[in-house]
Amino acid sequence: MSCSAIDYFIFVPAYNVENTLGDVLSKIDESVLSRAHVLVIDDGSRDGTAQAYEHFMSNCAENAESAGNACDLKSRFEYFKFEQNSGYGAVVKKGLAEGIASGAAFVACLHGDDQYPAEKLGAFFAEMENCNLDLLQGSRHAVAGEAKRGGMPLYKRVGGAFLTALENLAFRVKLTDRHSGFIVYSSRFLKTVDLNRLSMSFDIDLELIAIADARRFAIAELPIPTRYADEKSNLNVVTYGLRVLCQIWRRMRASKL
């Protein structure tokens, strides 16, 4: 396998994900890695997240050596840690800024808790390239009943559907799952965004979608499987819901954020 230029930049928000991080990284297809750089962003984890990353990298090096790969996939990974928990928005801003600086054509967000399908990244990047898209979001609701089968709690299914319906009234592009964090962006779009003005909280994804919508960038979605385990969420659903309503209000007041 030959080393190629970086076309894809993948950043991985990681907070207390010692049990899932290695599995998430191992699911990224080698054909994607050969064109990508992966940045794991540890948001001040207090568990063994750093050790899980080191263990993965050790296995990665051993596998590359035994396979005789000309291009060591170990060089495709990087680890950054905030000394203190800085919040999801800070992690996303860091990832997007590094993605833009890398010169990659596309920047993807892949959560380290295994809630989203790393193995689907290849299909998402291909869709971005083939359809000339600027933002592609994974939807857990595009296929009827998928969210329930995947274990998404009832209150999240109902609440998410309600908020998405309201958002679709306000926004140009209609989507089925505006609250999925599995998103690929074009650098062309990201370069038009002032990252410093974006939220430091979970609604940063909504802001980016709203900006892309208002500026008429090409937005689409693809179905993804739903994966819910028993892990504790760091998201305050009431606060998040209020932030969503604020985004809707802002969009209805102006055509551009």
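Following the numbering used here, the numbering of the sequence shown begins with 748 at its first residue and continues without gaps. In this text, a Cβ means the ideal position worked out from N, Cα and C, and glycines have one as well.
Is it buried or exposed, C807, if we count other Cβ atoms within 10 angstroms and call 16 or more buried? buried
Report yes or no: do the segment 931-945 and the segment 908-921 share at least 3 C-beta pairs separated by less than 8 Å? no
Does the pairing of the segment 838-848 with the segment 786-805 give three or more beta-carbon distances under 8 Å? yes
According to the neighbour-count rule (16 or more other Cβ atoms, all chains shown, within 10 Å of its Cβ), is G834 buried or exposed? buried
Would you tell me roughly how many angstroms separate the C-alpha atoms of I956 and E830, rounded to the nearest one? 29 Å
My assumption, with CB atoms under 8 Å, is that F853 sits in contact with Y755. Please give the rounded CB distance. 5 Å
So, with DSSP's three-state summary, where would you put L989? helix
Closer than 8 Å is the cut-off here; do at least three beta carbon pairs connect the segment 938-958 with the segment 860-872? no
Give the straight-line distance between the Cα atoms of G859 and L953, rounded to the nearest whole angstrom. 20 Å
Where does F853 sit, in a helix, a strand or coil, going by DSSP? strand
Cut-off 6 Å between Cβ atoms - residues of its own chain near R962, not counting five sequence neighbours on either side: none
Given A752, which residues of its chain have a CB within under 7 Å of its CB, disregarding the five upstream and five downstream residues? none
Which of the three DSSP states is assigned to D789 in this structure? strand
I'd like the list of long-range same chain contacts for L880, defined as Cβ closer than 6 Å, with 5 residues on each side in sequence excluded. A965, A967
Endpoints, the beta strand (DSSP E) within which Y932 is located: 930-933
Rounded separation between E914 and C856 - CA only: 22 Å
What residue range does the beta strand (DSSP E) around L882 cover? 882-886
What's the gap between the Cα of L768 and the Cα of L916? 37 Å
Going by C-alpha distance, which of L883, V839, D776, N766 is nearest F758? V839
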